[in-house]
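Heads up, the thing below is written out as structure tokens.
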Amino acid sequence: MNHLQEMIEAHPGKIKIDKNNLMRTIDTLTSCADTCILCADACLAEDNVKQLVKCIRLNYDCADACSAAARMLLRQVGADMGLLHKQLEVCAAACRVCGQECEQHAAHHEHCRICAETCRACEKTCDRIIQEMTVAR
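Here the sequence shown stands for residues 1 to 137, where the numbers follow my numbering.
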């Protein structure tokens, strides 16, 4: 059992989202944010960095959207589910756009291929948790 799982299990409040889905979503969001930061950093180390400016920017935007969504999911007490729903929609959109941009560079940069895959997986995870939240309302 990891610390996140321990904390969610120890939480005395009523958590509105299935705990297993909540943990998987937070892990996916955090992993995507980290991957995007690493991809941006790797892009900065490339010889053709000027051609990667849009990719770098979208990596940072996606990382911020994922980090914000993960932090908001951690705070369940008094959560505004409508606001959380919107943040997850923003996150899914950021993942989609970042993944598409990284895919354009994937043939030349392995880090972009990895990032594109991670973003696509995170977008799907966001869509799934949004569906769960919609059904739970």
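Using N, Cα and C, we set each Cβ at its ideal position, and we do this for glycine too.
Supposed contact pair residue j and residue i - C-beta distance, whole angstroms, cut 8 Å
i    : j    : result
D108 : C39  : Note that residue 108 corresponds to His in the displayed sequence, not to Asp. Between C39 and H108 the Cβ distance is about 13 Å, and since that is not below 8 Å, they are no contact.
I129 : N21  : 6 Å
C62  : C126 : The pair is not a contact, with the Cβ atoms about 11 Å apart (cut-off 8 Å).
I26  : N59  : At roughly 20 Å, the Cβ-Cβ gap does not stay under 8 Å, so I26 and N59 are not in contact.
Counted within 10 angstroms of its Cβ, other Cβ atoms place residue i as buried (16 or more) or exposed
i    : result
Q51  : exposed
T28  : buried
T35  : buried
H11  : exposed
E101 : buried
C123 : Reading off the sequence shown, one finds Glu at residue 123, where the question assumed Cys. Counting Cβ neighbours within 10 Å, E123 comes out buried, since at least 16 surround it.
A45  : exposed
Contacts around residue i, its chain only, beta-carbon distance under 7 Å, and the 5 residues preceding and following it disregarded
i    : result
M72  : L84, Q87
E103 : A116
Member of the options whose CA lies at the smallest distance from the CA of residue i
i    : options              : result
C95  : D47, E46, A106, A116 : A116
A121 : M133, C32, G13       : C32
C66  : D47, L44, D80, C98   : C98
H105 : D80, I15, Q76, K54   : K54
T134 : K16, A45, E6         : K16
M7   : E46, L74, C43        : L74
L4   : M81, R24, G13        : R24
Beta-carbon proximity list for residue i, same chain, < 6 Å, skipping 5 on both sides
i    : result
A147 : What is shown of the chain runs 1 to 137, which leaves residue 147 out entirely.
Residue i beta carbon near the ligand GTP (any heavy atom closer than 8 Å)
i  : result
H3 : Although the ligand GTP was asked about, the structure shown includes no ligands whatsoever.
Cβ-based neighbour list, residue i, same chain, cut-off 8 Å, excluding 5 preceding and 5 following
i    : result
E132 : I17, D18, N21
* To do: May I have a chain-ordered list of the alpha helix (DSSP H) segments no shorter than 4 residues that lie completely inside the stretch 70–128?
  => 81–105
* **Any beta strand (DSSP E) of 3 or more consecutive residues that is wholly inside the stretch 41–66** => none
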